[in-house]
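Undergrad:
Residue numbers (my numbering), protein chains in the order written: chain A, 125 to 448; chain B, 125 to 448.
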């Protein structure tokens, strides 16, 4: 097997984040589940945006965040996701290109606009997200180049990709192409509500096609419908070769066969937790594809997560360690 | 004279900021004067954007920043400025509306896109700006509603408005309408290079039509072509009824007739100085139009400036005191 050109290929919903600080009452007034991601249509998106305080627009998208952070840490990275040919789409393309991520997906012309995620950040740093999928829903199998998948050590898929119906097929095509080429497939569960929406499909995928699984405590317990983290972790140990389970300020637990590695969180002043899980996966995969130990991979994940939660927005503003 | 509906009416270039942290060498590679604002065309804007690191997009524009901050401090505020009917124009309109600023200017259809200011922030917190004026250049006398001007205690003009040629006429129309209604006219000099470009016009305006002048040390010495702050301040005392001259971490000096008030800066960890002068003017004018003393006005300016320099972007993210 030849050396792949990329360490990581991410596939996900290409989204621009619209981030506003709000107070707790804003969430209750708008019937939001704190900490969750909800899907909204364009009419609701316009209404909610009109009610939101002044915002900052930054590139987002779960797998795209992971790709950007991994590239900033020295990994060679590619990304597939659908933006529209509009101003926010050009913002997304600029930002991911500026950190050296290869982004070959053609933009959508004359259809829905670039996806937006309206993110409410409460004073405790928790983010609550409302996503209008826009152009994302047109990402399909035609956008997945099997040769590119074969040329990446790890293909990384975000669970949110199960929401746009076309993307599920793209998801499966990518996983099959990766395994046909002897590469690995990683999945992030993304969100407990997303897991609830697609549990059967997730279970089938995780058991049959995923080598590396990322999830936080609520997501992994939602997947296995258990109440305890320990029980969910035991199921993950059975289902996947490698799992990295994050527990916020309690750090993360890495599971590989009989091995268990506990990793401490890196302390940070929490301003906005948006992108924390994405950044953890980035540090972890950048380390893993550079041949680091599991403990080192987990620490790199913790370092990256600590950087992004210390300011508004899911992409790093400060210095990150390099694995290159 | 009836009580005006608005405390402040701002008129300026309606701009979306594109903010990236860069190292010092980025500025020298791109021949930029650190701390200055340069005008660029759309081709140069595209080239520079392509070379910039990942960015955050936030609403900007000097007078618009002042209006937003003053409204957040409890003042009743209106704003005139030209955006296009595009995504970034809608971002601008959302953000200024979300803090309660009345913004009646119709967007430009089918012309240049919404203006962008590409802002490079160096590790010392200094910002270097490159502005593509886009839709701003179409702001003209037709956009200035004399009745609205008459209904604001202070009409606040940014010096940058001298750059788009149509706006100079709008500038003069607003100043005349304000004085005809017995209101006051305030001006911010904006930038030393802008003062150099339009010195004669600025001098004529300041001597004949401005009641309240805002400038920092380099701007006021550029206006009067002197080397010393004391000399420039003496000229300002002669030319305008009230001047607030800012000196970064040395605070500000307020001059009114024979009176001089020294105001201390409010300590802050400097991340990005973008919008510091705008925020100072906001705090000052919010205080002044609420009947506060000059020392209180200066302190409110210092408090607002300290907030905006403690994070990326020119609009406040945290709590500001209210004058209402």
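Ideal placement from N, C-alpha and C gives every residue a C-beta, glycine not left out.
This structure is a prediction, so every number in the text was calculated from the model and none was measured.
1) Pull the bridge partners of residue 226/B from the DSSP assignment, please.
2) With three or more C-beta pairs closer than 8 Å as the rule, is the segment 278-296 of chain A touching the segment 259-267 of chain A?
3) In the DSSP assignment, the beta strand (DSSP E) including residue 445/B goes from what residue to what residue?
4) Let me see if you follow: with CB-CB separation under 9 Å, is residue 273/A close to chain B or not?
5) Residue 182/A CB to nearest chain B CB: under 9 Å?
6) How big is the Cα-Cα spacing for residue 180/A and residue 225/B?
7) Within its chain, find whatever has a CB closer than 7 Å to the CB of residue 184/A; leave out the 5 residues flanking it on each side and keep chain order.
8) Which residues in chain A have a C-beta closer than 7 Å to the C-beta of residue 253/B? List them in chain order.
9) Which of the three DSSP states, helix, strand or coil, is assigned to residue 259/A?
10) Which runs of the beta strand (DSSP E) spanning at least 3 residues fall entirely within the segment 332-362 of chain B, listed in chain order?
11) Assuming contact is defined by CB atoms lying nearer than 9 Å, are residue 134/A and residue 208/A in contact in what I supplied?
12) Taking DSSP as the reference, what is the three-state secondary structure of residue 276/B?
13) Taking the CB atoms as reference points, tell me whether residue 252/A and residue 159/A lie closer together than 9 Å.
14) Would you mind listing the alpha helix (DSSP H) stretches within the segment 148-174 of chain B that are 4+ residues and don't spill past its ends, in chain order?
15) Rank 217/B, 331/B, 210/B and 246/B by C-alpha distance to the C-alpha of residue 234/B and give the top, closest one.
16) Which same chain residues, not among the five before or five after residue 319/A, have their C-beta less than 8 Å away from its C-beta?
17) Give the straight-line distance between the Cα atoms of residue 355/B and residue 316/B, rounded to the nearest whole angstrom.
18) Would you mind sorting residue 199/A into buried or exposed? The rule is 16 or more other CB atoms within 10 Å of its CB.
19) When you compare only the Cα positions, how much space is there between residue 279/A and residue 276/B?
20) Compare the C-alpha of residue 329/A against each of 143/A, 243/A, 214/A and 295/A and name the closest.
21) What residues of chain B sit near residue 366/A, judged by a beta carbon separation below 8 Å?
22) Around the C-beta of residue 387/B, are 16 or more other C-beta atoms found within 10 angstroms, so that it is buried, or is it exposed?
23) Per DSSP, what are the beta-bridge partners of residue 215/A in this structure?
24) Can you tell me the Cα-Cα spacing of residue 444/A and residue 197/A, whole angstroms?
25) Where does residue 254/B fall in DSSP's three states?
26) Taking residue 375/A as the reference, which of 422/A, 384/A and 334/A has the closest Cα?
27) With 16 as the cutoff for other CB atoms within 10 Å, does residue 417/A come out buried or exposed?
28) Name, in chain order, the residues that DSSP records as bridge partners for residue 141/A.
29) Use the C-beta contact count for residue 247/A: other C-beta atoms within 10 angstroms, 16 or more gives buried, fewer gives exposed.
30) What does DSSP give as the partner residues of residue 366/B in its beta bridges?
31) Taking the alpha-carbon positions, what's the residue 212/A to residue 182/B distance?
32) Span of the beta strand (DSSP E) holding residue 295/A?
33) Show which residues of chain A have a CB atom less than 8 Å away from the CB atom of residue 244/B.
34) Since residue 312/A is in the alpha helix (DSSP H), which residue starts that stretch and which ends it?
35) Report yes or no: is there a C-beta of chain B within less than 9 Å of the C-beta of residue 219/A?
36) Using the Cα positions of residue 408/A and residue 195/A, report the straight-line distance between them to the nearest angstrom.
TA: In terms of the structure at hand:
1) 202/B
2) In this structure the segment 259-267 of chain A lies against the segment 278-296 of chain A, because at least three pairs of beta carbons, one per stretch, are closer than 8 Å.
3) Looking at the DSSP string, residue 445/B is not in any beta strand (DSSP E), and its letter there is neither H nor E.
4) Judged by the 9 Å Cβ criterion, residue 273/A is not in contact with chain B.
5) yes
6) Going from the Cα of residue 180/A to the Cα of residue 225/B covers about 18 Å.
7) 139, 140, 141, 241 and 438
8) From the beta-carbon of residue 253/B, no residue of chain A is found nearer than 7 Å; the closest lies around 17 Å away.
9) helix
10) 336-340
11) no
12) strand
13) Between residue 252/A and residue 159/A, the gap from beta carbon to beta carbon is short of 9 Å.
14) If one requires a minimum length of 4 residues, the alpha helix (DSSP H) runs lying completely within the segment 148-174 of chain B are 148-153, in chain order.
15) The shortest C-alpha separation from residue 234/B is found at 210/B.
16) 283, 313, 326, 343, 346 and 347
17) 17 Å
18) buried
19) 59 Å
20) 295/A
21) Within 8 Å Cβ-Cβ: nothing; residue 366/A doesn't reach chain B, min ~29 Å.
22) buried
23) For residue 215/A, DSSP assigns no beta-bridge partner whatsoever.
24) 6 Å
25) Residue 254/B falls in the strand class under three-state DSSP.
26) 422/A
27) exposed
28) 182/A and 241/A
29) exposed
30) 336/B
31) 12 Å
32) Residue 295/A -> not in any beta strand (DSSP E); alpha helix (DSSP H) instead, spanning 289-304.
33) Chain A residues near residue 244/B: none, gap ~13 Å exceeds 8 Å.
34) Taken as a continuous stretch (DSSP letters only), residue 312/A belongs to no alpha helix (DSSP H), being part of the beta strand (DSSP E) at 308-312.
35) For residue 219/A, the answer is yes, since a Cβ of chain B falls inside 9 Å of its Cβ.
36) Between residue 408/A and residue 195/A, the C-alpha separation is close to 12 Å.
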